[in-house]
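Chains as they are written, first to last, in my numbering: chain A, 80 to 520; chain B, 9 to 444.
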């Protein structure tokens, strides 16, 4: 009898110590992972968008650091490039998806989740909760389940400007939209077109619209329009398009005019604005403009180029809202190796590896701002963390047939709007019928 | 490894078996790469957008083929392609083939015309896209246009200039001060929109000359300083515009005097008879340089594509037709000439009919090629013109694989495209049989 008690007592002690140990290790996982784990083994295939010229090396550094902690797990990264959605859709339809993938469109993630192709990452919920604000978890949640980790985020509420062009015109970065329009006229009078628009890429136009809509009506209404709970024929869309027409309708203030803008892609719009002497003064695009400036022009940060936050239109509670685009990491399978990798990716140490090398933003608030390599990156990435609300790129959020197909749906129709900014109601009708068709599916 | 006994003939079954064994790899390949995908595509076209099969939708996918505007545009464009390209390619090929027969450097010429065939259609698309750029500084074709128009109508010195105040209004391409001036008055012509780098050389600080009796004086200057300055007021830091042609109009609109501004922008019209006048800057100052045609814009994109495509395939047609030409018997041609037929008659009545089988091979091959056209449109047309440049194969790719991910409609487009090609294929096969 007595011996039995001793055994039970011993078991209880062992169990509680073990439990405590598990708890200790799981709570420390929130911030840092340091201990080497040899128990988990396996191979993970990962299809990503980053190629040798666009971040493959940086992501491989993240993988290498993970593999140091889990020496028996091997992550096989495949740089698919921009054809990723095509490759992935085909692989999923054929029944052989990779273990993990990087998807830039929540619309696609939602589609895969609804079809039951994805595995929930509920196991990473607490790690994500420790490192990210609830808004970020919401971005990865579809149909009530957590499916995606937003590993990389890009601030889309940014405007880039040519510093010498602003100096020549004697204007300073505007904070309100009316000031922006006034500055644009001054810049035009100084002899440089104010706007450089990459209209050959439809997404540059939807991004402009989205920032205007967000700045005018706030995050809640923005999300409603995103989810097609507000129709495209709504009055709010009319208002936003009218505001947008103040920019795209000012033809003589756009480099190359309307027809030129429709032929310049995103890259052209950046190189035109940051050429010397400047061909245009401003580009409305996300934080990744910086990379194009440094790689294809001679402009230097601060003296040649700089940024300002998308000016506010209607001051209100949502004035500090930020539109982001991001890479959602999803899993098509479930095993301890994948779980370990997803949890690792949610830690600040994983994000820091890339953040230190530039061209990387994150919603991980445990990543110190000091890791960003230069002041402009710091300035464009900080708002992602401090924003009162974060919304995802609207066109990425919608069914891809409407939101992200070259020359069709939203992209194609905003190009029509750029061609003829006076026909607001016509474009609205076409947007609505295209959206309705895509959502019905 | 003993050889089979040579005496024993394999039986009928054995022969079939051997045949089957030899055919198996080819049949397997054919089955995996051709038959299975074709059958699957046909079946798939009756099902919904996603999944390996999705839900049965009957002929809905085919209906949307003719009701969706992007797809009807694609069908319309394919029709244009079929109507234009085969005929042009055959005609151009024929002309080149006949002409190169008679020139000395025919091999070099043929090589040059055939060269585009050696370049991938994608590379061709990218190259032509650059040549078609609207900006004459980028696109070769518009650069040529700029050179020509530069001779015919040269650009003005201040093509980008804009009036600085609403008081300066456009008139016949120039700008005129709305407020009339009288002798002894001052006319201030402020212009903006001139980049500091575009300023005419030798410009000095703008000055307003003192009013003179019997004369009209004034300044034409860059009415801008950092921050904007005061429009319509000559301020320190604002430069005069030298050598600008300033015109004085009488109240009837007739130009009575014209002069050129000095380095500080000042000008004087002396000995002006009493009356009411308007001062302004003539149209030639603002003449815009040739801005280029929008070859890649919505209206010209399909013609632009057709030209590039004909450029690629003319060489192919030429080579095939030249081969036919060299196989033709010379006696017939000489007989025709001896009988007194002119060159044109010989060509029209003898050469072309004799070449007809070759011409039809080229024509039919081109119809099939053109129906399937994809790569050049994908590479050449900017995204903003896809709507207008759309063709069936491109629409199929975008519908099935890009974004939309609608395999149902995508398959329906593929089947439709196949049905369009079938009659032409049958024609081809029948001709092969006849020739054998």
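Idealized CB from N, CA, C, for every residue including glycine.
Give me the Cβ distance between residue 488 of chain A and residue 517 of chain A, rounded to the nearest whole Å; I'm assuming they're in contact under 8 Å. 7 Å
Measure the alpha-carbon distance for residue 153 of chain B versus residue 340 of chain A and round it to whole angstroms. 20 Å
Could you spell out the range, first to last residue, of the beta strand (DSSP E) harbouring residue 385 of chain A? 384 to 388
If the cut is a Cβ gap below 8 Å, which residues of chain B does residue 356 of chain A touch? 203 and 205
What did DSSP end up calling residue 392 of chain A once you bin it into helix, strand or coil? Coil.
Which partner residues does residue 155 of chain A have in the DSSP bridge list? A:124
Residue range of the alpha helix (DSSP H) that residue 405 of chain A falls in? It is not in any alpha helix (DSSP H) - residue 405 of chain A instead sits in the beta strand (DSSP E) that spans 401 to 410.
Between residue 234 of chain A and residue 450 of chain A, is the Cβ-Cβ spacing less than 9 Å? no
Mind checking the segment 170 to 187 of chain B against chain A and listing, in chain order, the residues whose C-beta falls within less than 8 Å of any C-beta there? 170 and 172
I need the DSSP call for residue 356 of chain A, collapsed to helix, strand or coil. Of the three classes helix, strand and coil, the one that applies to residue 356 of chain A here is coil, per DSSP.
Assigned secondary structure, residue 274 of chain B (DSSP; H/G/I helix, E/B strand, else coil): strand
Which term fits residue 101 of chain B, buried or exposed, when burial requires 16 or more other beta carbons within 10 angstroms of its beta carbon? buried
Against residue 350 of chain A, what residues of chain B qualify as contacts under a CB-to-CB distance less than 8 Å, listed in chain order? Within 8 Å Cβ-Cβ: nothing; residue 350 of chain A doesn't reach chain B, min ~11 Å.
Since residue 129 of chain A and residue 290 of chain A are thought to touch, with beta carbons under 8 Å apart, how far apart are those beta carbons, to the nearest angstrom? About 25 Å; that fails the 8 Å criterion.
Nearest-angstrom Cα separation, counted from residue 439 of chain B out to residue 324 of chain A: 59 Å
Beta strand (DSSP E) containing residue 255 of chain B: first to last residue? Residues 253 to 258.
What did DSSP end up calling residue 451 of chain A once you bin it into helix, strand or coil? coil
Identify every residue that forms a DSSP beta bridge with residue 266 of chain B. Bridge partners of residue 266 of chain B: B:255.
So with CB distances below 8 Å, who are the chain A contacts of residue 394 of chain B? 485, 486, 487 and 491
Give me the Cα-Cα distance between residue 48 of chain B and residue 72 of chain B, rounded to the nearest whole angstrom. Cα to Cα, residue 48 of chain B sits roughly 20 Å from residue 72 of chain B.
Who are the near neighbours of residue 218 of chain A in its chain, counting only those whose CB is closer than 8 Å to its CB and skipping five residues on each side? 185, 227, 229, 405, 407, 469 and 471
Please tell me whether, using a cut-off of 8 Å, the distance from the CB of residue 196 of chain A to the nearest non-hydrogen atom of the ligand GDP is below it. In the structure on display, the ligand GDP does not appear, and there are no ligands present to speak of.
With contact counted as at least three CB pairs below 8 Å, one residue from each stretch, are the segment 269 to 284 of chain B and the segment 219 to 227 of chain B in contact? The segment 269 to 284 of chain B makes contact with the segment 219 to 227 of chain B: 3 or more CB pairs, one atom from each, lie closer than 8 Å.
3 or more residues per run - each beta strand (DSSP E) lying fully within the segment 186 to 239 of chain B: 194 to 200 and 224 to 230
From what residue to what residue does the beta strand (DSSP E) around residue 213 of chain A run? It is not in any beta strand (DSSP E) - residue 213 of chain A instead sits in the alpha helix (DSSP H) that spans 213 to 218.
Check the C-beta distance from residue 368 of chain A over to residue 239 of chain A and give it rounded, since I have them as a contact under 8 Å. 5 Å
Only counting the same chain, and skipping five residues up and downstream in sequence, which positions put a Cβ closer than 7 Å to that of residue 511 of chain A? 310, 311 and 312
Nearest to residue 314 of chain B (by Cα), restricted to the options B:112, B:43 and B:137: Nearest C-alpha to residue 314 of chain B: B:137.
Do you know offhand how far residue 429 of chain A's Cα is from residue 420 of chain A's? 10 Å
Cutoff 9 Å: residue 322 of chain A Cβ touching any chain B Cβ: no
If the cut is a Cβ gap below 8 Å, which residues of chain A does residue 233 of chain B touch? 249
What are the residues of the segment 129 to 147 of chain B that lie near chain A, defined by any Cβ-Cβ distance shorter than 8 Å? 141, 142 and 143
For residue 244 of chain A, I'd like the list of residues in its chain whose CB is within less than 6 Å of its CB, leaving aside the five on either flank, ordered along the chain. 271, 357 and 360.
From residue 355 of chain B to residue 341 of chain B, what does the alpha carbon distance come to, in whole angstroms? 9 Å
Residue nearest to residue 177 of chain B in terms of C-alpha spacing, selected from B:66, B:393, B:289 and B:322: B:289
Skipping 5 residues on each side, what residues in its chain have a beta carbon closer than 8 Å to that of residue 251 of chain B? 165, 208, 268 and 269
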